[in-house]
Each structure stands twice: as structure tokens, then as C-alpha cells.
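Before any comments, here is the structure.
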Amino acid sequence: MIHPPHGLFAFAALWDVWSKGAAAIESCSIITTTANEATRHLHERMPVILDRTHFAAWLDPLTPPPALHELLRPCPPERIALYPVGAAVGNVRNDGPGLVAPAADLFTA
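In case it helps, my numbering puts the sequence shown at residues 5 to 113.
So this is what it looks like as C-alpha cells:
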């Protein structure tokens, strides 16, 4: 389980509404970056996690693109806490609080 030590994460994302025929389609994409030291052993990419001080700039359509590009980097590893969970978390049919219970080994089946 990857979570912030305190509070919530805010991911950098793009949201748009576009048309497909007569239907309006809402879409959202989470932006990723290279993994930091805390998550690199799990995957080579991670979501861009915005610092609270950057929320306004990210959401402001007048923020210049170069300033936004500066935000698209891995967050410091101390902003992430993680522990292993069981393999059941990888199946979308499973649900419940037990999915986030710590497991003895990250690679336990």
C-alpha cells in the first residue's frame, strides 16, 4: 500500500470534456513521472504527486507551461509511506478493508 504519511496525495492530472457524436465524454488522465527511490523497486513510473504549495499553480490555466513542467517530477521519498499487501488487492472483484491489511511479504501470492 502506498500512502502519504499524513493527509492526502494530490496527483497531477488532466481533465477534459469532448464530443463523440451527440455524446459528451468526460475524461481524466493521471500524469506519471519516473519513480522515486521509495517506489522504484515496485515500478519504473509513479504518479506526479503535487506539493500543497503547487495546487494553485497547477489548477490555474494562466500558469505558463514551463512552470507546469517544473512540477512534473518525482516527489521526495519522505512524502511516501508504503507497506506490502496481499495479492487479492490486484483483482478488481475483491473489495473490503482487508485488502489494505499489511502482508508478511510483498510477493506473497
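Glycine included, every Cβ here is placed at the ideal spot set by N, Cα and C.
Where residue i and residue j are concerned, what is the direct C-alpha to C-alpha distance, given to the nearest angstrom?
i, j, result
"I53", "E41", "14 Å"
"N95", "R77", "29 Å"
"S33", "W19", "7 Å"
"P69", "Y87", "35 Å"
"T112", "E30", "Since pLDDT at T112 reaches only 44, below the 50 mark, its modelled position is unreliable, and the value read off the structure follows with that caveat. C-alpha separation (whole angstroms): 38 Å."
"A108", "C79", "27 Å"
Classify residue i as helix, strand or coil using the three-state DSSP reduction.
i, result
"R97", "coil"
"D30", "The displayed chain sequence assigns Glu, not Asp, to residue 30. E30: strand per DSSP, three-state reduction."
"P81", "helix"
Checking the sheet assignment: what are the DSSP bridge partners for residue i?
i, result
"P51", "T36"
"H45", "In the DSSP output, where bridge partners are listed per residue, H45 has none listed."
"A17", "I34"
Please tell me whether residue i has its Cβ less than 8 Å away from any Cβ of chain D.
i, result
"D99", "Absent from the structure: chain D. Only one protein chain is present."
Could you pull out every residue in the same chain whose Cβ sits closer than 7 Å to the Cβ of residue i, ignoring the five residues on either side in sequence?
i, result
"M36", "Note on identity: in this sequence residue 36 is Thr, with Met being the wrong assignment. Contacts found: R49, M50, P51, V52."
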